[in-house]
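Colleague: Take this structure, written in structure tokens, and hold onto it; I'll ask about it next.
Numbering (the working numbering), first residue to last: 607 to 880.
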């Protein structure tokens, strides 16, 4: 029986099983790379100390909002967006080692590889968020709007992380080795810097403020601030739509990124080398 003759339901089940195998393989890789685990979970602690205490005393926030209350949601989002770098690097490294070519030569679903990678990235991101939240609580950050709103904020962060992970998988599949991925990874930094992660956008030059206000990172940071109760909602009509409607904007940006990059990544894994 050929693949085309196989019922669609059976193909989906087989693809799901292959995806779980790839997910397990990626998690087992972490088990054998303790330095990568340490680096992943050390980032939250270093970020909270560096930005909260070194920069915090010099940055006033309008409305007499405590800077660490303002900063923590931004750091959550920054860590989430940097998940793109991890996805990109892992896929590029597998390309360089020939692992992806081996996957393509095996009788397995092509969709399983990107789905398994992004699922593994999502689990790692959830662990990293827990560590960062623990660091924030240790240094005085609090979620004031109750458990439901806090879980909503973390759900929003995981949705955004899953979307950016697909960006990393797609661009990683275009790169031939880990060294090239390491050289282009710093390009992610401006995406987080030109936003409201560290400072409000009101003091930026007009053009830069427009870019920052429409940056998905700004919407996600503001959404988390509202859901955690770390900052009052922005008045509608006095700022850009994504910042005034941050939860809706973050969901919209995430869905849009998934609609663009899931088909691109899957197509890339199906057709690369043909």
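Even for Gly, the Cβ is constructed at its ideal location relative to N, Cα and C.
Does the beta-carbon of residue 685 have 16 or more other beta-carbons within 10 angstroms, so that it is buried, or is it exposed?
Modeller: The residue is buried, with at least 16 neighbouring Cβ atoms inside 10 Å.
Colleague: Out of 667, 695, 655, state which residue places its alpha-carbon closest to the alpha-carbon of residue 792.
Modeller: Residue 695 is the option with its Cα nearest to residue 792.
Colleague: Is there contact between the segment 843 to 858 and the segment 866 to 873, where contact requires at least three CB pairs shorter than 8 Å?
Modeller: The segment 843 to 858 is not in contact with the segment 866 to 873.
Colleague: Need the endpoints of the alpha helix (DSSP H) that residue 817 sits in, please.
Modeller: Residues 812 to 820.
Colleague: Check for me: the alpha helix (DSSP H) holding residue 760 runs from which residue to which?
Modeller: Note, residue 760: alpha helix (DSSP H), 752 to 780.
Colleague: When you compare only the Cα positions, how much space is there between residue 699 and residue 786?
Modeller: So the alpha carbons of these two residues sit roughly 9 Å apart.
Colleague: Under the three-state reduction of DSSP, which class applies to residue 791: helix, strand or coil?
Modeller: Helix, per DSSP.
Colleague: Can residue 723 and residue 687 be called in contact, C-beta distance under 8 Å?
Modeller: Cβ distance not < 8 Å, so residue 723 and residue 687 don't count as in contact.
Colleague: Using the beta-carbon count (16 or more within 10 Å), is residue 731 buried or exposed?
Modeller: Buried, because 16 or more other Cβ atoms sit within 10 Å of the Cβ of residue 731.
Colleague: What would DSSP say about residue 802, mapped onto helix, strand or coil?
Modeller: If DSSP states are grouped into helix, strand and coil, residue 802 belongs with coil.
Colleague: Could you compute how far the alpha carbon of residue 833 sits from the alpha carbon of residue 777?
Modeller: If you take the alpha carbons of residue 833 and residue 777, they lie about 32 Å apart.
Colleague: How big is the Cα-Cα spacing for residue 621 and residue 717?
Modeller: Straight-line Cα distance between these residues: approximately 7 Å.
Colleague: Over the uninterrupted alpha helix (DSSP H) stretch that includes residue 639, give me the two end residues.
Modeller: Note, residue 639: premise wrong, no alpha helix (DSSP H); not H, not E.
Colleague: Between the C-alpha atoms of residue 860 and residue 758, what's the straight-line distance to the nearest angstrom?
Modeller: Spanning the two alpha carbons is a distance of roughly 15 Å.
Colleague: Is the segment 822 to 838 touching the segment 749 to 768 in the sense that three or more CB pairs, one from each, lie closer than 8 Å?
Modeller: They touch, by the three-pair rule.
Colleague: In three-state DSSP terms, what is residue 860?
Modeller: Correct three-state label for residue 860: helix.
Colleague: For the alpha helix (DSSP H) holding residue 668, just list the boundary residues, first then last.
Modeller: Here residue 668 belongs to no alpha helix (DSSP H), and DSSP marks it neither H nor E.
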